[in-house]
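Participant: In mature numbering (1 follows the signal peptide of the UniProt record, and there is no 0), the protein residues as written are -23 to -1, 1 to 455.
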Ligand SMILES: *[C@@H]1O[C@H](CO)[C@@H](O)[C@H](O)[C@H]1NC(C)=O
Ligand SMILES: *[C@@H]1O[C@H](CO)[C@@H](O)[C@H](O)[C@H]1NC(C)=O
């Protein structure tokens, strides 16, 4: 797409202003995850996957994962790695672990730093992570063929941010399991994202970026007759003119789906742990009214939209007048989507007010392209839209709602706390009460996501009213 000189000058100014805003907010950079400095050869090793096994051997394969899981139960710091192993175990591409090797898995503290730097990781990549984290002969070469650097002395590994601790937890199923204070097996895409995301923004608001909206219980009820009908535009960044993997028709269908979700009408695939009552699914009294769809050929935007968001700003002029979704077709970051919350930007017309979504999570895309069907319904866009409307993750601040936001978690009283994201649709109680896996602001698979809560509705209305006032006024129907 040819750009005029004038356009590039104003783009540069926009970016400069965005950087200045950052400086004024004095955002404290949160240390990025410490990841082992792998040599990542172009050619990778082949290894046996679940799909290659005879039916009778599948249980044996799962047994190794289960035994490692039991060992992880003995360490208090490893519940998330256990969850990830359990999630990967049943995946058709899951690596079969031959006995006699070494498995390196991150502690929950290491995971917490990961989640601060990567929004909504594409879950299928956890399979690659396990293959990268397993060393069949306990030497320097992983099952997938990655090579570790020389060590950092005893019980430590060389990482991007210095040596990190590696502690043996014992052995299970003939495999020695290690807890690591950094990440040993990050897949290529996540590793790339962590190294290249230029303005890594924590989801935690920093000094100066304070929301005017407190706990949901203190926020006013939304008047019954009021609605926000938000003028919405979609930009689809594709690699070439003949790529029609996302058409206007697909966009309309995704937007219809999002509006259904916002009205509390998402289908509920009842699970064996659900009661008779439909999980919380408030009518948010918000809908996205399509005002424009543009499909542009822009390979930089299509590939690097998550690491270089300013490449997308030219598509978001007059940002205060619209809600903008940018769909990127060839994501190199391995994330499903990314969005700031309204209060995290001080200016309503900042082009950073946009929701970026990868086609991996776009409605119908997996079905049309043999992708991962668990993310085919289109809920990734609804989740990211939730951030764009001012909602945090259900697992923000973990169980004690500690840390972030002065210890107030997601600011929502009617979502139960959640220690870490969950990728399975299962009954877990990471903070005592059932985890909110049916909530759109969790990371569960699409079939599991059913609705938003009343508290989330109040917060979304409040964030828009106070931090995107022009758009709020334009959208309000009484
Ligand atoms: C490490 O183990 C792999 C098999 O897991 C083997 O192919 C490779 O040659 C070994 N490398 C060294 C340096 O011993
Ligand atoms: C932005 O708004 C101005 C003034 O209302 C208008 O002339 C212009 O066409 C708009 N640009 C876009 C891309 O919407």
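We put the beta carbon where it would ideally sit given N, CA and C, even for glycine.
Bridge partners of residue 13, per DSSP?
Facilitator: Position 36 of the chain shown holds residue 13. Answer is 136, bridged to residue 13.
Participant: Quick one, are the C-beta atoms of residue 463 and residue 391 less than 9 angstroms apart?
Facilitator: Here the chain has residues from -23 to 455 only, and residue 463 is not among them.
Participant: Which residues in the same chain as residue 228 place their Cβ atom closer than 6 angstroms to its Cβ, once the five residues preceding and following it in sequence are excluded?
Facilitator: If you number the chain shown from 1, residue 228 lands on position 251. Closer than 6 angstroms at the Cβ level, and outside the excluded window around residue 228, lie 211 and 270.
Participant: Do residue 428 and residue 139 have their C-beta atoms within less than 9 angstroms of each other?
Facilitator: Stepping through the chain shown from its first residue, residue 428 is reached at position 451. Stepping through the chain shown from its first residue, residue 139 is reached at position 162. Against a cut-off of 9 angstroms, the Cβ pair of residue 139 and residue 428 comes out as no contact.
Participant: For residue 165, which residues of its own chain have a beta-carbon under 7 angstroms away from its beta-carbon, when the five flanking residues on both sides are left out?
Facilitator: Within the chain shown, the letter at position 188 stands for residue 165. Here the set comprises 17.
Participant: Is residue 109 near ligand 1, in the sense that its beta carbon is under 8 angstroms from a heavy atom of that ligand?
Facilitator: Here the question's residue 109 lines up with position 132 in the chain shown. Because no heavy atom of ligand 1 lies under 8 angstroms away, the Cβ of residue 109 does not count as near it: no.
Participant: Bridge partners of residue 269, per DSSP?
Facilitator: Working through the chain shown from its first residue, we reach residue 269 at position 292. Looking at the DSSP assignment, residue 269 forms a beta bridge with 210.
Participant: Kindly indicate the opening and closing residues of the beta strand (DSSP E) around residue 153.
Facilitator: Here the question's residue 153 lines up with position 176 in the chain shown. Residue 153 -> beta strand (DSSP E) spans 152 to 157.
Participant: Whole angstroms is fine: what's the gap from residue 279's alpha carbon to residue 337's?
Facilitator: Translated into the one-based positions of the chain shown, residue 279 becomes position 302. Translated into the one-based positions of the chain shown, residue 337 becomes position 360. Taking the straight line from one Cα to the other gives about 12 angstroms.
Participant: May I have a chain-ordered list of the beta strand (DSSP E) segments no shorter than 3 residues that lie completely inside the stretch 312 to 397?
Facilitator: Qualifying beta strand (DSSP E) stretches, in chain order: 314 to 316 and 332 to 335.
Participant: Can you tell me whether DSSP reads residue 112 as helix, strand or coil?
Facilitator: Taking the chain shown and counting its residues from 1, the one referred to as residue 112 is at position 135. The answer is strand: DSSP assigns residue 112 an E or B state.
Participant: Give me the Cα-Cα distance between residue 219 and residue 417, rounded to the nearest whole angstrom.
Facilitator: As a working mapping, residue 219 is identified with position 242 in the chain shown. As a working mapping, residue 417 is identified with position 440 in the chain shown. Their backbone Cα atoms lie some 34 angstroms apart in a straight line.
Participant: Hey, is the stretch 404 to 418 in contact with the stretch 351 to 369, meaning 3+ C-beta pairs nearer than 8 angstroms?
Facilitator: The stretch 404 to 418 is in contact with the stretch 351 to 369.
Participant: Give a single yes or no on whether residue 81 has its beta carbon closer than 8 angstroms to a heavy atom of ligand 1.
Facilitator: Stepping through the chain shown from its first residue, residue 81 is reached at position 104. Residue 81: no, Cβ never under 8 angstroms from ligand 1.
Participant: Could you name the residues of the same chain whose beta carbon sits closer than 8 angstroms to that of residue 297, not counting the 5 residues immediately before and after it, in chain order?
Facilitator: As a working note, residue 297 is residue 320 in the chain shown. The residues are 325, 326, 330, 445, 447 and 448.
Participant: With hydrogens ignored, establish whether the beta-carbon of residue 117 is closer than 8 angstroms to any heavy atom of ligand 1.
Facilitator: In the chain shown, residue 117 corresponds to position 140, counting from 1. Indeed, a heavy atom of ligand 1 lies less than 8 angstroms from the Cβ.
Participant: I need the straight-line Cα distance from residue 78 to residue 20, nearest angstrom please.
Facilitator: Start at 1 with the first residue of the chain shown, and residue 78 comes out as number 101. Start at 1 with the first residue of the chain shown, and residue 20 comes out as number 43. Their Cα atoms are separated by approximately 21 angstroms.
Participant: What's the C-alpha gap between residue 455 and residue 201?
Facilitator: Within the chain shown, numbered from 1, the residue matching residue 455 stands at position 478. Within the chain shown, numbered from 1, the residue matching residue 201 stands at position 224. Roughly 9 angstroms separates the two Cα atoms.
Participant: To which residues of the same chain is residue 312 closer than 7 angstroms at the C-beta, ignoring the five residues directly before and after it?
Facilitator: Counting from one through the chain shown, the residue named residue 312 turns up at place 335. Excluding residues within five positions, the ones whose Cβ falls inside 7 angstroms are 95, 96, 97, 98, 99, 170, 283 and 335.
Participant: With distances taken from CA atoms, which of 213, 189, 412 and 192 is nearest residue 305?
Facilitator: Position 328 of the chain shown, counted from the start, is the residue given in the question as residue 305. Taking only the C-alpha atoms, the option nearest residue 305 is 213.
Participant: Measuring straight from C-alpha to C-alpha, what distance separates residue 273 and residue 86?
Facilitator: By 1-based counting over the chain shown, the position of residue 273 is 296. By 1-based counting over the chain shown, the position of residue 86 is 109. If I take the Cα positions, the gap works out to 41 angstroms.
Participant: Does the beta-carbon distance from residue 245 to residue 340 come in below 9 angstroms?
Facilitator: Translated into the one-based positions of the chain shown, residue 245 becomes position 268. Translated into the one-based positions of the chain shown, residue 340 becomes position 363. Not in contact: residue 245 and residue 340 (Cβ atoms no closer than 9 angstroms).
Participant: Under the rule that 16 or more other beta-carbon atoms within 10 Å means buried, what is residue 363, buried or exposed?
Facilitator: Counted from its first residue, the chain shown places residue 363 at position 386. Residue 363 is buried by the Cβ-count criterion.
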